[in-house]
Amino acid sequence: MVKYLEKLRSVSAQLEKFSINLVPRAENTLADALSKLATSNIVDLKRTVMMEVMNKRSTESEEIRVMAITTTSEWYDNIQTYIQTGALPADLAEAKMTKMDAVWYIILWGRLYKKSFSLPFLRCLTAFESARLIEEMHEGTCGNHAGGKPLAIICQRQGYYWPTMLEDCRAYVKKCEKCQKFSAVINLPANDLMPILNPIPFAQWGMDIVGPFPMAAGGRKFLKVAVDYFTKWIEVEPVAKITANQVKKVKLAHSSVCHPQSNGQVEAANKQILAALKKKLEDCKGKWADLMPEILWCNRTSIKEATGESPFKLSFGSEAVIPAEMALPTMRIQHYDEERNDQLLRHQLDFMPEIRMKAEISSAAYKRRMSRAYNKKVKHRPLCNTPDLLTTNI
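This note's numbering applies: residue 150 is where the sequence shown begins, and numbers increase by one.
So this is what it looks like as structure tokens:
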């Protein structure tokens, strides 16, 4: 009560005179009803009651708040000043640009407007006003979370303008969390293709596990696949189950375990094996393991578009003899001489570096053509230029 007494004395000091009268309790019904108004339905008050909600005690002193107001220059200041007063900036280049730009602007009712090709005059907005407008148009009452360019068109059609409309709208959409969560998935690649060049045979292998397949003899359901990056030579092994002992001593390098984009060579080999199995198996699904030697032989003796040679020739220096040559003998079968053949095979091994060098050049040219075709469909979305935003579904 001491604080209330001090407050009363400070207020009464500003008055010329005042009096305090004692009102009997029986005659003080209005004050009693007013004190109980928040907790009762007393109707003893007059028709009009003036009420005031006190958010803090009357004994507390008022806080004096000072807001710092800073003025920043806007993009249209020079243009508006030139139209109103004819004053130009001191810099000659800037003054020349201001005079050229001023023909597109007009001042109406004290505001700056821009002349437009397809719409009436567009009101020029400050940086603060444009930020509020983008937020309202994108996710406000009438906003539908439009994309960057559609959002800029919406703002323009409403009669507004600032010089970085398209850039600001695109930047705002990239920061919108709901747009990142629920927008349509872009199927176009985000980065250019980076082909892997490896000119050394059997130095780099791609490995993968395919399956499960229908159970074959011996309970085999999985297929371990390995392919050499240079010769395209494929090795496979059907197994019943995948254990740590079966794949130990294999070093995984430069490839993501969850989504091995850099392991595309073995993924391509998997597609070739699966496509051949579908065509050969027919109704005998359990014989897939027995057909693997045939599929591998076909793949190893087929000429690859990338190298222009077969994996067998790049590995051993000459083409393999296929079963068809035994049924329908060719010249090399009809005139086969074992001793001379061994000698020619050794000579052919001496030419292996030249054969592989030509295959390397052909492979590099093929990958350049493939990269050009792939990069035409790329829509660059570099993560380094976007805000840190990570969403996950749990």
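Glycine included, C-beta positions come from ideal geometry on N, C-alpha and C.
Predicted model only: the values in this text are computed from it and were never measured.
Kindly list the residues whose CB is nearer than 6 Å to the CB of residue i, restricted to its own chain and excluding five residues on each side of it in sequence; keep chain order.
i: A469; result: T450, F461
i: Q301; result: One detail in the question is off: residue 301 reads as Ala in this sequence, not Gln. Taken in chain order, the residues that qualify are M314, L315, C318.
i: L440; result: K429
i: S279; result: W311
i: P350; result: F379, T380
Between residue i and the rest of its own chain, which residues show a CB-CB distance below 8 Å, the 5 nearest in sequence each way excluded?
i: R306; result: L268
i: G435; result: P363, M364, A365, A366
i: A473; result: none
i: Y523; result: P338, D341, L342
DSSP has residue i in a bridge; who is on the other side?
i: F371; result: V388
i: M356; result: A375
Per DSSP, what kind of secondary structure is residue i in: helix, strand or coil?
i: I256; result: strand
i: I510; result: helix
i: G466; result: coil
i: W382; result: coil
i: R530; result: coil
i: Q163; result: coil
i: P472; result: helix
i: Y153; result: helix
i: W446; result: helix
i: K525; result: coil
i: L426; result: helix
i: K205; result: coil
i: D240; result: coil
i: I191; result: Here I191 scores only 49 on pLDDT, less than 50, and its place in the model should not be relied on; the value that follows carries that caveat. DSSP places I191 in coil when its eight states are reduced to three.
i: P460; result: helix
i: G235; result: coil
i: R158; result: helix
i: S451; result: coil
i: T230; result: helix
i: E176; result: helix
i: Y485; result: coil
So which of the options has the shortest CA-CA distance to residue i?
i: T456; options: E386, F465, I482, F379; result: F379
i: R530; options: T221, L477, L241, A320; result: A320
i: W258; options: F270, M249, V252; result: F270
i: A508; options: L346, K526, V415; result: L346
i: M246; options: I255, I256, Y262, N227; result: N227
i: R206; options: T479, I444, M150; result: M150
i: S265; options: Q229, P312, E285; result: P312
i: I452; options: R518, S511, T234, R521; result: S511
i: Q229; options: A393, T221, Y254; result: Y254
i: I232; options: L241, V252, A242; result: V252
i: R260; options: K248, L274, M249; result: L274
i: G308; options: Y153, A417, Y262; result: Y262
i: I358; options: P387, S168, L342; result: P387
i: M519; options: D486, E454, C325, L440; result: E454
i: G355; options: I383, E165, E284; result: I383
i: Y225; options: L494, A242, I256, D499; result: I256
Suppose the cutoff is 7 Å on Cβ atoms and the five residues either side in sequence are ignored; what does the same chain contact list for residue i look like?
i: G360; result: K370, F371, L372
i: W446; result: none
i: M501; result: G466
i: H368; result: In the sequence as displayed, the identity of residue 368 is Gly instead of His. Excluding positions up to five away in sequence, the list reads A389.
i: K526; result: L337, P338
i: C291; result: none
i: L282; result: L274, C304, Y309
Q: Ignoring anything shorter than 3 residues or poking outside the segment 242 to 317, list the beta strand (DSSP E) runs there in chain order.
A: 254 to 257, 260 to 263, 271 to 273
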